[in-house]
Structure formats: C-alpha cells, structure tokens
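Enquirer: Protein chains in written order, with my numbering: chain Z, -8 to 142; chain D, 399 to 532. For every residue, glycine included, the Cβ atom is placed at its ideal position computed from N, Cα and C. Attaching a single structure in structure tokens format; questions to follow.
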C-alpha cells in the first residue's frame, strides 16, 4: 500500500487502517490537493501514466510521452525497480506568435516503478516511437518459474 | 510540497460528442496549443501513438477537424498489472475565424506531436481605380 506524504514523494509502505494519525494525514492531503487544484491521477499521481503488463518472460511498460526525444529520456533498471525520468521541452516559437490556446505542458518528470520479480537489467530494451515509450524488461532467469516434471 | 516545475499527471479528456463513433473504444480530445502569426495560424496537438497514415485532417467551411487512430496494444497474451491510461482515438474540432488558403496547408507529425500550419489567405491588395476624364 502506498502513502502519499504531504511533502511529495510517494512511499511504498504498509499502514494499519483506521489509524487516527493516518486518517488525519489523509484528510490534510486531500485538503492540500484541493487548495492547490492538483488533479489526482489514477495510480500514484506521478507523471507519466504507465500501463504495466507482463507475460511469462518479461514485463512491458508503456507510457505516452509526446514530444520527448529519446536523448531527453533516462531509463534506469536494477533488480526490481525501474526509473523513468526526463524532460519534455516545448520549443519556443518566435516571429511574434500570439497564443490563443495553451494546453500542453512542458517540464521535468521522474517516476519509479516497482516490480514484483527481478528483471535482467542487461537485456532491457526500450523504444520511443510516435511519442509512445515501450520498455521490455525480461525477467531474470532465476526468477522464472520452472516446470517441474514428476517422475 | 511537490516541485512546481515537475510535470503533473493529467487525465486524458474523454469526448462524448453528439455524433456516435462508428468504431468502438473511447475517444479523447488531444491537448493543443494554437497560436497565430501575421501570416499563418499554427496548431500543435499532442497525439501520441498516431502514425501519419492514421491521421485525418479536414477543413470544411472554416471548420477544422483532426482525427487520429491509435493502434491498440500488440502482444495480447500479456496480463495487465497496472493500467493508468486508456488507448483511444483522438478527435478535436475547431472553428476558424480567419480565411485559410487551403492549398497551402502543411501538416507534420513528429514524436506524436502534430504541427499544422494554416496560412492565412492573403488579403486582396487594394486596386487603385483610375477615373478617366472625358
């Protein structure tokens, strides 16, 4: 289970439900969110939103990162943690542009994803096409389930 | 407090328009930046996952519509663990106030960002009318 501390970084922890302190802290978080008008995204509320899938050989992480070039993206994978960080830049338009609408955002992002099985960090493959990032994380050989034949 | 310079997560805006979609799946409205210079109107839209051949741009009587199809996940024998965003079409429509020179519209799709350049129709140069005196 995850606790969102008021000062930002999410933590992976267990918490006893119905703890008075936790309830108070959660209410303070909600109040803070409302005051700062932060849309609480699904999941951890950290950019970018990801879809994590697995099959018996590997994990697959997909994220939507329009406008991010592959050299502006930093992916680190060790053991059971993957971190994605980088920056989305929006290039300046000169020649006297007058904006009518400005909905896209630019800025830095950094996100960690915890996996439940070890991955083989040597064989990780990542590709960024059409603004979609796909990271393939093959599970470590030792962690794969082995078929046990019964004689 | 979270660093204000970091990108915040925003849910994709789903569209429930008056007309029904012929294809199944959710429809989203892409984020756009629109700006205008003296000569043209430029629109930048975030449409990740859309390839150039799946993009349709129509300009009909000053109504501009863009539509992009996104291919679903490949490899469907994968199991979902965490699904934070959905895949769907991107559709958005705009009414243009300026008259656009349709023959010179340019569209470029790079890294999931569509850049649409709409040159304004050049204003007719005023003609001087000479009056012949008889």
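In chain D, which residues lie less than 7 angstroms from residue 108/Z when you measure between Cβ atoms?
Expert: Numbered from 1 along the first chain, position 117 holds the residue referred to as residue 108/Z. Within 7 angstroms Cβ-Cβ: nothing; residue 108/Z doesn't reach chain D, min ~11 angstroms.
Enquirer: Would you mind telling me which residues of chain D sit closer than 7 angstroms to residue 40/Z, beta carbon to beta carbon, in chain order?
Expert: In the first chain, the residue the question calls residue 40/Z occupies position 49. Under the 7 angstroms cutoff, chain D gives 407, 482, 483.
Enquirer: Return the first residue and the last residue of the beta strand (DSSP E) that residue 455/D is part of.
Expert: Along the second chain, read from residue 1 onward, the residue named residue 455/D stands at position 57. Here the beta strand (DSSP E) through residue 455/D covers 448 to 458.
Enquirer: Just to confirm my understanding: we take residue 65/Z, look at its own chain, exclude 5 residues before and 5 after, and list those with CB closer than 6 angstroms. What are they?
Expert: What you label residue 65/Z is simply residue 74 of the first chain in a count that begins at 1. Counting only Cβ-Cβ distances below 6 angstroms, and skipping sequence neighbours, we find 76, 77.
Enquirer: Could you name the residues that DSSP lists as bridge partners for residue 44/Z?
Expert: By one-based count along the first chain, residue 44/Z stands at place 53. According to DSSP, residue 44/Z bridges with 51/Z, 478/D.
Enquirer: Can you give me, in chain order, the residues of the stretch 420 to 436 of chain D that have a beta carbon less than 8 angstroms from any beta carbon in chain Z?
Expert: Listed in sequence order: 429, 430, 431, 432, 433, 434, 435, 436.
Enquirer: Starting from the beta carbon of residue 123/Z, find every residue of chain D whose beta carbon is closer than 9 angstroms, and list them in chain order.
Expert: Position 132 of the first chain, counted from the first residue, corresponds to residue 123/Z. Chain D residues near residue 123/Z: 446, 447, 468, 510.
Enquirer: Does DSSP classify residue 28/Z as helix, strand or coil?
Expert: Here residue 28/Z is taken as the residue at index 37 of the first chain, counted from 1. Note on residue 28/Z: pLDDT 40, under 50, position unreliable in the model; the coordinate value appears next. Note: residue 28/Z maps to coil in three-state DSSP.
Enquirer: Using a C-beta cutoff of 8 angstroms, does residue 442/D count as contacting chain Z?
Expert: Numbered from 1 along the second chain, position 44 holds the residue referred to as residue 442/D. Residue 442/D counts as touching chain Z.
Enquirer: Quick one: what's got a C-beta closer than 7 angstroms to residue 413/D's C-beta in the same chain, skipping five residues either side?
Expert: In the second chain, the residue the question calls residue 413/D occupies position 15. Cβ neighbours of residue 413/D beyond the five flanking positions: 425, 426, 427, 489.
Enquirer: Please confirm if the stretch 11 to 22 of chain Z is in contact with the stretch 436 to 450 of chain D, defined as three or more CB-CB distances below 8 angstroms between the two stretches.
Expert: At 8 angstroms Cβ cutoff, the stretches do not touch.
Enquirer: Whole angstroms are fine: how far does the CA of residue 86/Z sit from the CA of residue 436/D?
Expert: If you number the second chain from 1, residue 436/D lands on position 38. If you number the first chain from 1, residue 86/Z lands on position 95. Taking the straight line from one Cα to the other gives about 9 angstroms.
Enquirer: Rounded to whole angstroms, what's the CA-CA distance from residue 100/Z to residue 59/Z? Just pull it up for me.
Expert: As a working note, residue 100/Z is residue 109 in the first chain. As a working note, residue 59/Z is residue 68 in the first chain. Cα to Cα, residue 100/Z sits roughly 11 angstroms from residue 59/Z.
Enquirer: Using a Cβ-Cβ cut-off of 7 angstroms (strictly less than) and excluding sequence neighbours within five positions of residue 129/Z, which residues of its own chain qualify?
Expert: Taking the first residue of the first chain as position 1, residue 129/Z is located at position 138. Contacts found: 48, 49, 110, 111, 114.
Enquirer: If you measure from the beta carbon of residue 130/Z to each beta carbon in chain D, is any gap under 8 angstroms?
Expert: Locating residue 130/Z in the first chain gives position 139, where the first residue counts as 1. No, residue 130/Z lies away from the interface with chain D (no Cβ there is under 8 angstroms from its Cβ).
Enquirer: Rounded to the nearest angstrom, how far is the Cβ of residue 496/D from that of residue 439/D, given a contact under 8 angstroms?
Expert: Here residue 496/D corresponds to residue number 98 of the second chain, with the count starting at 1. Here residue 439/D corresponds to residue number 41 of the second chain, with the count starting at 1. Correct: roughly 6 angstroms between the Cβ atoms.
Enquirer: Within the same chain, show all residues whose beta-carbon is closer than 6 angstroms to that of residue 54/Z, passing over the 5 residues directly before and after it, in chain order.
Expert: Stepping through the first chain from its first residue, residue 54/Z is reached at position 63. These residues qualify, in order along the chain: 39, 41, 124.
Enquirer: Quick one: grab the DSSP three-state call for residue 107/Z.
Expert: Counting from one through the first chain, the residue named residue 107/Z turns up at place 116. Coil at residue 107/Z, not helix or strand.
Enquirer: State the start and end residues of the unbroken beta strand (DSSP E) segment that holds residue 493/D.
Expert: As a first step, residue 493/D must be located in the second chain, where it is residue number 95. Its beta strand (DSSP E) spans residues 487 to 493.
Enquirer: Nearest by alpha-carbon distance to residue 493/D: which of 411/D, 453/D, 458/D is it?
Expert: Taking the first residue of the second chain as position 1, residue 493/D is located at position 95. With distances taken between Cα atoms, residue 493/D lies closest to 458/D.
Enquirer: Would you tell me roughly how many angstroms separate the C-alpha atoms of residue 69/Z and residue 62/Z, rounded to the nearest one?
Expert: Indexing the first chain from 1 puts residue 69/Z at position 78. Indexing the first chain from 1 puts residue 62/Z at position 71. Rounded to whole angstroms, residue 69/Z to residue 62/Z spans 20 angstroms at the Cα level.
Enquirer: When the Cα of residue 132/Z is compared with those of 56/Z, 108/Z, 142/Z, which residue comes out closest?
Expert: If you number the first chain from 1, residue 132/Z lands on position 141. Of 56/Z, 108/Z, 142/Z, the residue nearest in Cα terms is 108/Z.
Enquirer: Let me check understanding here. Comparing Cα to Cα, which of 95/Z, 13/Z, 139/Z lies closest to residue 57/Z?
Expert: Taking the first residue of the first chain as 1, we reach residue 57/Z at position 66. Nearest option by C-alpha distance: 95/Z.
Enquirer: Within 8 angstroms (strictly less), CB to CB, does residue 46/Z reach chain D?
Expert: Locating residue 46/Z in the first chain gives position 55, where the first residue counts as 1. Yes, contact with chain D.
Enquirer: Can you tell me whether residue 441/D is buried or exposed, with buried defined as 16 or more other CB within 10 angstroms of its CB?
Expert: Numbered from its first residue, the second chain carries residue 441/D at position 43. Flag for residue 441/D reads buried.
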